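**Student:**
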Amino acid sequence: MPAWFNSLWPVATFILGLASTYLLSFITEKRQIAREAKARQAERGKILTERRETFELDHLERLTEALQKLGRAAGRAHHVDRMTARETGHYAGTRLPEGDSDALSEANRDVHMLKNLVLNDALRAQVNRAHEAVNVPSSMLRADVEEAEARFAEAIFILDGVQTAIAARIREIYLTADLPDA
Numbered sequence: 012m013p014a015w016f017n018s019l020w021p022v023a024t025f026i027l028g029l030a031s032t033y034l035l036s037f038i039t040e041k042r043q044i045a046r047e048a049k050a051r052q053a054e055r056g057k058i059l060t061e062r063r064e065t066f067e068l069d070h071l072e073r074l075t076e077a078l079q080k081l082g083r084a085a086g087r088a089h090h091v092d093r094m095t096a097r098e099t100g101h102y103a104g105t106r107l108p109e110g111d112s113d114a115l116s117e118a119n120r121d122v123h124m125l126k127n128l129v130l131n132d133a134l135r136a137q138v139n140r141a142h143e144a145v146n147v148p149s150s151m152l153r154a155d156v157e158e159a160e161a162r163f164a165e166a167i168f169i170l171d172g173v174q175t176a177i178a179a180r181i182r183e184i185y186l187t188a189d190l191p192d193a
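Residue numbers (this note's numbering): 12 to 193.
1) Thinking R73 and L125 are a contact (beta carbons under 8 Å), I'd like their distance in whole angstroms, please.
2) With DSSP run on the structure shown, which of helix, strand or coil describes A154?
3) Compare the Cα-Cα distances from A176 to each of D155, N131, L19 and report the closest residue.
4) Here's the rule I'm using: 16 or more other beta-carbon atoms within 10 Å means buried, otherwise exposed. How should V3 be labelled?
5) Can you list, in chain order, the residues of its chain with a C-beta nearer than 6 Å to that of A114? Leave out the 5 residues immediately preceding and following it.
6) To the nearest angstrom, report how far apart G28 and L19 are at their CA atoms.
7) Of the choices V156, A77, R153, T99, whose alpha-carbon is the least far from that of A141?
8) Considering just the uninterrupted stretch of the alpha helix (DSSP H) at N127, what are its terminal residues?
9) Just how far apart, CA to CA, sit D92 and M151?
10) How would you label A118, buried or exposed, when you count the other beta carbons within 10 angstroms and need 16 or more for buried?
11) Quickly, what does DSSP pair Y33 with across the bridge? List them, please.
12) What whole-angstrom Cβ distance do A154 and H90 have, given they're in contact under 8 Å?
13) Rounded to a whole number of angstroms, what is the C-alpha to C-alpha distance between E67 and K57?
14) Keeping to the same chain, check which residues put their C-beta closer than 7 Å to that of R180; ignore five residues upstream and five downstream.
15) Can you name the residues that DSSP bridges to D102?
16) Which of the three DSSP states, helix, strand or coil, is assigned to L107?
17) Would you identify the three-state DSSP class for A53, choosing helix, strand or coil?
18) What does the Cβ neighbour count give for P148, buried or exposed, with the cut at 16 atoms within 10 Å?
19) In angstroms, rounded to a whole number, what distance separates the CA positions of A103 and E64?
Printed below as a string of C-alpha cells:
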C-alpha cells in the first residue's frame with residue numbers, strides 16, 4: 012500500500028465515523044419526531060373523543076329531561092281534552108288553559124331545539140318520531156274520543172321507547188369511554 016494511503020486511512024476512518032454518527036443521530040431524531048407526532052395525534056384524538064362524549068352525554072341528558080317535560084305536558088293537555096270531551100262529546104273541543112298551553116309549547120320548543128343535535132342518525136329519527144307522535148292528540152280538534160285515546164296511548168309507547176333508546180346510548184358511552192391513566 013502506498014504511504015499516502017496509510018496517512019489518509021485514519022482521516023477517512025474519522026470522517027466515516029462522524030458521518031455514521033451523524034446519520035445514526037439523524038435517523039434517531041426522525042424516529043423520535045415521528046413518535047412525538049404520533050403521540051400528539053393520539054392525544055388530540057383522545058381529547059376530541061372526550062369532547063364529543065361530554066357533549067353527547069350532556070345533550071342526551073338534557074333531551075331526556077325535555078322529553079319527560081313534554082310527556083307530562085302532553086298528558087295534562089290530554090286530560091283537559093278528555094274532560095272537555097265529557098261535556099261536548101268531541102275530543103279537544105276547546106282551548107287549553109293558559110298554563111297547560113304554555114307548558115306544552117315550552118316543552119315542544121325545548122325538544123325541537125335539542126333533537127336536531129342528536130349525533131346518532133337512527134336515534135335522532137326515533138326522537139323526531141316520538142316528538143311528532145306526542146303532538147298528534149293535541150292537534151286532533153273535535154275528533155272521536157276513542158281515536159284520540161288510541162293516538163295518545165301510541166304516543167306514550169313511542170315516547171317510552173325513545174327514552175329507553177337514549178338511556179341505552181348513555182350507558183354505551185359510559186361503558187366504552189376510555190379510562191383515565193393510572
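From the three backbone atoms N, C-alpha and C, an ideal C-beta is built for every residue, glycine too. From a predicted model like this one, the values you see are computed outputs, not experimental measurements.
**Tutor:** With the structure as the only source:
1) Numbered from 1 along the sequence shown, position 62 holds the residue referred to as residue 73. Numbered from 1 along the sequence shown, position 114 holds the residue referred to as residue 125. At roughly 6 Å, the Cβ-Cβ gap stays under 8 Å, so R73 and L125 are in contact.
2) As a working mapping, residue 154 is identified with position 143 in the sequence shown. It is a strand residue.
3) By one-based count along the sequence shown, residue 176 stands at place 165. Residue N131 is the option with its Cα nearest to A176.
4) Because the chain here runs from 12 to 193, residue 3 falls outside it and cannot be looked at.
5) Position 103 of the sequence shown, counted from the start, is the residue given in the question as residue 114. Result list for A114: A84, in chain order.
6) As a working note, residue 28 is residue 17 in the sequence shown. As a working note, residue 19 is residue 8 in the sequence shown. Cα-Cα distance, rounded: 14 Å.
7) Counting from one through the sequence shown, the residue named residue 141 turns up at place 130. That would be A77, whose Cα lies nearest to the Cα of A141.
8) The residue labelled residue 127 in the question sits at position 116 within the sequence shown. Neither: N127 is in no alpha helix (DSSP H) and is coded neither H nor E.
9) Along the sequence shown, read from residue 1 onward, the residue named residue 92 stands at position 81. Along the sequence shown, read from residue 1 onward, the residue named residue 151 stands at position 140. Approximately 10 Å, taken between the alpha carbons.
10) The residue given as residue 118 occupies position 107 in the sequence shown. By the 10 Å Cβ count, A118 comes out buried.
11) Start at 1 with the first residue of the sequence shown, and residue 33 comes out as number 22. Partner(s): none; Y33 has no beta bridge.
12) The residue you call residue 154 lines up with position 143 of the sequence shown. The residue you call residue 90 lines up with position 79 of the sequence shown. Incorrect: roughly 16 Å between the Cβ atoms, too far for contact.
13) Position 56 of the sequence shown, counted from the first residue, corresponds to residue 67. Position 46 of the sequence shown, counted from the first residue, corresponds to residue 57. Distance between the alpha carbons of E67 and K57 is about 15 Å.
14) Looking up residue 180 in the sequence shown gives position 169. Closer than 7 Å at Cβ, skipping near neighbours: L71, N131, L134.
15) As a working note, residue 102 is residue 91 in the sequence shown. Here residue 102 turns out to be Tyr, not Asp, going by the sequence shown. Per DSSP, A154.
16) Within the sequence shown, residue 107 is the residue found at index 96, counting from 1. Three-state result, L107: coil.
17) Position 42 of the sequence shown, counted from the start, is the residue given in the question as residue 53. The answer is helix: DSSP assigns A53 an H, G or I state.
18) Position 137 of the sequence shown holds residue 148. So P148 counts as buried.
19) Within the sequence shown, the letter at position 92 stands for residue 103. Within the sequence shown, the letter at position 53 stands for residue 64. For A103 and E64, the distance between alpha carbons rounds to 42 Å.
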